Amino acid sequence: MERTAVRPAALLSGLRYLGGLGWLSADAFEAVFLEPFRAGRRGVRAEPVFEQMARVGYASLGLVCLVQFFIGVVLALQMAYILKKFGVTEYVGTVVGLGMFRELGPLMTGVVMAGYAGAAISAELGTMAVSEEIEALRALAISPVRYLVAPRVLAAAVMIPCVTMVGDFSGVLGGLLTGWGALGVAPGLFVRKLLDGLAVSDVLIGVFKSLVFAVLISVISCREGLGVDSGAEGVGRAATRSVVYSVVAIIAADCFFTALFHALLGR
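Residue numbers for the sequence shown follow numbering that gives the first Met the number 0, so the first one is 0 and each next one is one higher.
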């Protein structure tokens with residue numbers, strides 16, 4: 000009896016959480032795109048957006064590039080043994096290009112950003128919630144969504160795709176150097192095979208995925224931060240949950256869109 004009683008409660012809790020994410024996303028979208036066109040209403044201020052863009056993008060660029068570089072190295076090394084068996088080592092550029100720009104690049108950048116930016120967002124908002132700064136905003140008739148959430152979502156949606164693209168090139172560089180050193184594939188041949196096998200749609204799919212991941216990370220992190228109702232322990236739990244939930248959401252979204260685009264494009 001206990002098992003059957005727990006499952007509906009857990010399901011209801013999960014649906015409630017997803018509903019909260021949906022409402023928060025809709026409110027942030029309204030604050031960014033609709034409020035500026037309403038009479039007597041102000042949109043999102045530019046200053047906090049640029050501040051968050053620097054935190055989300057510039058501060059994490061080096062870490063993302065380092066991770067992506069090693070991903071490119073590992074991908075090239077792993078494929079080297081397979082391609083050698085078939086005598087087609089020159090196609091390592093094609094494999095690395097597709098892997099970085101379409102699949103592994105956006106996914107790994109999303110995971111890194113969930114741990115780097117997502118935890119920071121939830122901890123910052125959680126600290127503000129504990130110190131009652133958010134309640135003070137509401138008392139002053141200032142929307143926390145417009146003032147706190149929307150700038151972070153907008154900054155993440157702009158910067159994470161940009162960081163992903165830079166990281167993709169870093170991963171390609173790692174694959175190029177590995178292909179040159181381990182397989183003897185000349186850099187010119189590597190680049191030529193990469194360009195032959197990589198379509199514009201592959202790059203656009205990667206950018207689209209990174210945009211979706213950015214929204215998921217920022218919305219989940221803001222939701223966890225705003226929901227803190229205890230002290231430092233609650234802030235720590237919120238930061239942990241934001242990372243875990245963001246990573247799970249990113250992987251689930253990646254599976255869905257990979258299957259969808261393969262069905263639509265046949266590649």
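Note that beta-carbon positions come from the ideal geometry of N, C-alpha and C, so glycine has one too. Remember, it's a predicted structure, so these values are computed and weren't measured experimentally.
*Would you mind giving the Cβ-Cβ distance between Gly187 and Leu74, rounded to the nearest angstrom? I have them listed as a contact below 8 angstroms.*
About 20 angstroms; that fails the 8 angstroms criterion.
*What is the DSSP secondary structure of Pro228, counted as helix, strand or coil?*
It should be noted that the sequence gives Asp, not Pro, for residue 228. Asp228 sits in coil when the DSSP states are folded into three classes, being neither helix nor strand.
*asked:* Measuring only the C-alpha atoms, how far is Met0 from Leu11?
replied: Only weak support exists for where Met0 lies, its pLDDT of 44 falling under 50; the value from the coordinates is given anyway. Approximately 17 angstroms, taken between the alpha carbons.
*From Lys192 to Gly98, what distance separates their C-alpha atoms?*
If you draw a straight line from the Cα of Lys192 to the Cα of Gly98, it is about 13 angstroms long.
*asked:* Any beta carbon of chain B sitting closer than 8 angstroms to that of Arg15?
replied: Judged by its chain identifiers, the structure shown contains no chain B, having just a single protein chain.
_Whole-angstrom C-beta distance between Gly117 and Ser241, which should lie under 8 angstroms_ = About 5 angstroms separates the beta carbon of Ser241 from that of Gly117, a gap short enough to meet the 8 angstroms contact definition.
*Do you know offhand how far Val43's Cα is from Gln51's?*
Separation of Val43 and Gln51 (C-alpha to C-alpha, rounded to the nearest whole angstrom) is 12 angstroms.
*In its own chain, which residues sit with a C-beta less than 8 angstroms from the C-beta of Ala270, not counting the 5 before and 5 after it?*
Given a span of 0 to 266 for the chain in the structure shown, any question on residue 270 remains unanswerable.
*CB-CB under 7 angstroms to Gly96, same chain, minus the five flanking residues each way: which ones, in chain order?*
For Gly96, where only same-chain residues beyond five positions count, the Cβ hits under 7 angstroms are Val171, Leu193, Gly196, Leu197.
*Just the Cα atoms here: how many angstroms apart are Val184 and Gly178?*
About 5 angstroms.
*asked:* At 4 residues or longer, what runs of the alpha helix (DSSP H) sit wholly inside the region 68-133?
replied: As summarised for the region 68-133, the continuous alpha helix (DSSP H) elements at least 4 residues long and confined to that stretch are 91-97, 104-112, 118-129, given in chain order.
*Let me know if Ala4 comes out buried or exposed under the rule of 16 or more other beta-carbons within 10 Å of its beta-carbon.*
Its pLDDT being 49, under 50, Ala4 is placed unreliably in this model, and the value from its coordinates should be taken loosely. Label assigned to Ala4: exposed.
*Among the residues of its own chain, which have a CB less than 6 angstroms from the CB of Val148, if the five just before and after it don't count?*
For Val148, same chain residues with a beta-carbon under 6 angstroms away, outside a window of 5 residues either side, are Ala27, Cys221 in chain order.
*Assign Ile219 to one of three DSSP states: helix, strand, or coil.*
Looking at Ile219 - three-state DSSP - the assignment turns out to be helix.
*asked:* DSSP three-state label for Val171, please.
replied: Here Val171 sits in helix by DSSP.
*What residue ranges within the region 26-65 form continuous alpha helix (DSSP H) runs of no fewer than 4 residues, ordered along the chain?*
Counting only runs that start and end inside the region 26-65, the alpha helix (DSSP H) elements of at least 4 residues fall at 45-52.
_Using only the alpha-carbon positions, how far apart do Thr93 and Gly125 sit?_
Pairing Thr93 with Gly125, the inter-Cα distance amounts to about 44 angstroms.
*Can we say the region 153-172 touches the region 55-69, given the rule of at least three CB pairs closer than 8 angstroms?*
Contact between the region 153-172 and the region 55-69 is present: 3 or more CB-CB pairs across the two stretches fall below 8 angstroms.
*Quick one: Cα of Val91 to Cα of Tyr57, how far?*
Taking the CA atoms as reference points, Val91 sits about 31 angstroms from Tyr57.
_Does Leu197 come out as helix, strand or coil in the three-state DSSP assignment?_
Look at Leu197 here: in three-state DSSP terms it is coil, with no helix or strand label.
*Short check: CB of Asp228 to CB of Arg101, under 8 angstroms?*
Judged by their CB atoms, Asp228 and Arg101 are not nearer to each other than the 8 angstroms cut-off.
*Would Leu17 be called buried (16 or more neighbouring beta carbons within 10 Å of its own) or exposed?*
Of the other Cβ atoms in all chains shown, fewer than 16 fall within 10 Å of the Cβ of Leu17; this residue is therefore exposed.
*Pull up the distance between the alpha-carbon of Pro47 and that of Gly21, whole angstroms please.*
Spanning the two alpha carbons is a distance of roughly 23 angstroms.
*Leaving out five residues on either side along the sequence, give the residues of the same chain with a beta carbon under 6 angstroms from the beta carbon of Gly233.*
Hits under 6 angstroms: Val227.
*Would you kindly work out how many angstroms separate the C-alpha atoms of Leu139 and Gly71, rounded to a whole number?*
C-alpha separation (whole angstroms): 50 angstroms.
*CB Met158 to CB Val55, shorter than 8 angstroms?*
For Met158 and Val55, yes; Cβs fall inside 8 angstroms.
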